[in-house]
């Protein structure tokens, strides 16, 4: 992406629930070089560097399942 869009500034948005896992990510230092990392509050997972009010207590898996069920019903 950075080669294709050299003038763009990318932001990786992550939930505060995974902040503790970041040291285990492969090449996270490189990710930080390529994109700004924005941490948003997730309900029940406070983080000192997180921004905004806590997001609803729903997982991305739940969102995908609900969207798939809705698509299946033809809505």
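Residue numbers (this note's numbering): -13 to 61. Every residue, glycine too, gets a C-beta built ideally from N, C-alpha and C.
Annotation note: the segment 7 to 47 contains the following uninterrupted alpha helix (DSSP H) runs of length 4 or greater, listed N- to C-terminal: 14 to 20. For the pair residue 5 and residue 33, the CB atoms are nearer than the 7 angstroms cut-off.
Judged by DSSP secondary structure, residue -3 falls within the beta strand (DSSP E) whose first and last residues are -4 to 1. Counting only residues of its own chain and dropping the five nearest sequence neighbours on each side, residue 35 has a CB closer than 8 angstroms to the CB of 5 and 25. Secondary structure at residue 55: helix, using DSSP grouped into helix, strand and coil. Counting of Cβ neighbours within 10 angstroms places residue 3 among the buried residues, the total reaching 16 or more.
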